[in-house]
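What follows is one structure encoded as structure tokens, with my remarks underneath.
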Amino acid sequence: MIFILIIQQTDLQKEAKSLLDSLKSFNNPIYYSILLVLAVFVAVFVFYKNIYLPLQHKHSLEKENLELKNTRLMALFAELDPDPVIRVNVEGKIIQSNESAKIINDSKKIIGTKLKRILPFIKINVKDYIVNDKSAVYTEELNKKFYSILFRGNSFLKIGQIYFRDITPRVIAEEKLISSQKQLKNLSNHLQNILEEERQRFARELHDGIGQNLSFTRLNLKKLASSRHIKTNGKHLNKIVESLDSTIAELKEISHRLKPKILDEMGIEPALISLVNNISKEIGINGSVNIAGFEKRLNPKLETCLYRISQESLNNIIKHSDATEFNVQLINNKKSLE
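Reminder that position 240 of the sequence shown reads as 241 in my numbering, one-by-one numbering, no gaps.
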């Protein structure tokens, strides 16, 4: 037993000695691994210090130079711009303006002034718009001129640029166009009123003048036909009376179409119902009317206009469509008519 322990102890001593001898030798693979790791680390460090950092620094310088060049160009263009240009810092103070800005205010006096004092309508957080590269557009009148005003933030330069574009000619042209449209509308309304007055006058003359004369003539002819003292063919007189009856009926129809009496007396709803019923009866097309919201009568001119529009629309249906039925819908929702 003692002999076996001695042998094992001797073997352990030999292995320990062999391990120590191998560590003393440069042929040990551990040394090669350590040297390889050190070599890689040194190579990475040299690359980072002598290649990567210089390239990054060069790129940063080139970017700054490019931005500086662009800034100078922007400043040059702003100075030469025929329209006003103002520059502000993140505090909202005006730090620069071009020569054209004098038409808004004396450019020397506005330097260092808060933007809101010069342009109070620009109600934005200037710092937020600059830091986040935001933009805002306004349209304002300044010194009797109209401008489209653009505020544009620049986070890199930490400034805000306000560009003014003179749109006075465009605004004047738009105002003239609106004025012309208004004049045309007034002229159209005036012509419509004149036409409606002529229709009413013509309808009255047909009804009160010619209509009454024809009725009087019919009455006399009827008396003449029934008279025993006249030796005339009674049948012939009766035909004349029938012809007069037809003429009077047609005259009443024309007078009614020119200015329906029911429209003046009862309003738009009964007038439209009567119009639709007459068309349905004459043409053989089924017509219906849906009207709502007319508890009170409208302005007479508006009622006449609505009636004429409906009349013209129904005439178009009769002439240009093969419809077998139609519907007229008129709704007054207090704000508009549909």
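Cβ atoms here follow ideal geometry from the backbone N, Cα and C, with glycine treated the same way.
Where residue i sits in the DSSP three-state scheme
i           : result
residue 118 : helix
residue 129 : helix
residue 61  : helix
residue 51  : helix
residue 142 : strand
residue 87  : strand
residue 302 : helix
residue 98  : strand
residue 105 : coil
residue 341 : The requested residue 341 does not occur in the structure, where the chain is confined to residues 2 to 339.
residue 112 : coil
residue 322 : coil
residue 175 : helix
residue 280 : helix
Beta-carbon gap between residue i and residue j smaller than 8 angstroms
i           : j           : result
residue 86  : residue 160 : no
residue 287 : residue 330 : no
residue 91  : residue 128 : yes
residue 328 : residue 289 : yes
residue 138 : residue 150 : yes
residue 342 : residue 113 : Residue coverage of the chain in this structure runs from 2 to 339, which leaves residue 342 outside it and unanswerable.
Buried versus exposed, by CB contacts within 10 Å (16 or more), residue i
i           : result
residue 51  : exposed
residue 102 : buried
residue 53  : exposed
residue 48  : exposed
residue 310 : exposed
residue 44  : exposed
residue 296 : exposed
residue 46  : exposed
residue 136 : exposed
residue 61  : exposed
residue 93  : buried
residue 266 : exposed
Alpha-carbon spacing of residue i relative to residue j, whole angstroms
i           : j           : result
residue 313 : residue 188 : 20 angstroms
residue 141 : residue 124 : 13 angstroms
residue 146 : residue 163 : 17 angstroms
residue 325 : residue 168 : 55 angstroms
residue 193 : residue 323 : 30 angstroms
residue 178 : residue 172 : 10 angstroms
residue 262 : residue 275 : 11 angstroms
residue 181 : residue 156 : 46 angstroms
residue 111 : residue 95  : 7 angstroms
residue 284 : residue 184 : 40 angstroms
residue 143 : residue 97  : 19 angstroms
residue 294 : residue 335 : 8 angstroms
residue 39  : residue 133 : 46 angstroms
residue 269 : residue 176 : 36 angstroms
residue 36  : residue 64  : 40 angstroms
residue 271 : residue 166 : 57 angstroms
residue 57  : residue 34  : 32 angstroms
residue 332 : residue 247 : 38 angstroms
residue 105 : residue 67  : 32 angstroms
residue 304 : residue 279 : 19 angstroms
residue 122 : residue 318 : 54 angstroms
residue 301 : residue 320 : 28 angstroms
residue 55  : residue 158 : 25 angstroms
residue 1   : residue 190 : Within the shown structure, residues of the chain are numbered from 2 to 339, placing residue 1 beyond reach of any answer.
Beta-bridge partners of residue i, as assigned by DSSP
i           : result
residue 137 : 152
residue 166 : 149
residue 330 : 291
residue 387 : Any answer about residue 387 is impossible in this case: the structure gives the chain only from 2 up to 339.
Cutoff 8 angstroms: residue i Cβ touching any chain B Cβ
i           : result
residue 299 : Of the protein chains in this structure there is only one, and it is not chain B.
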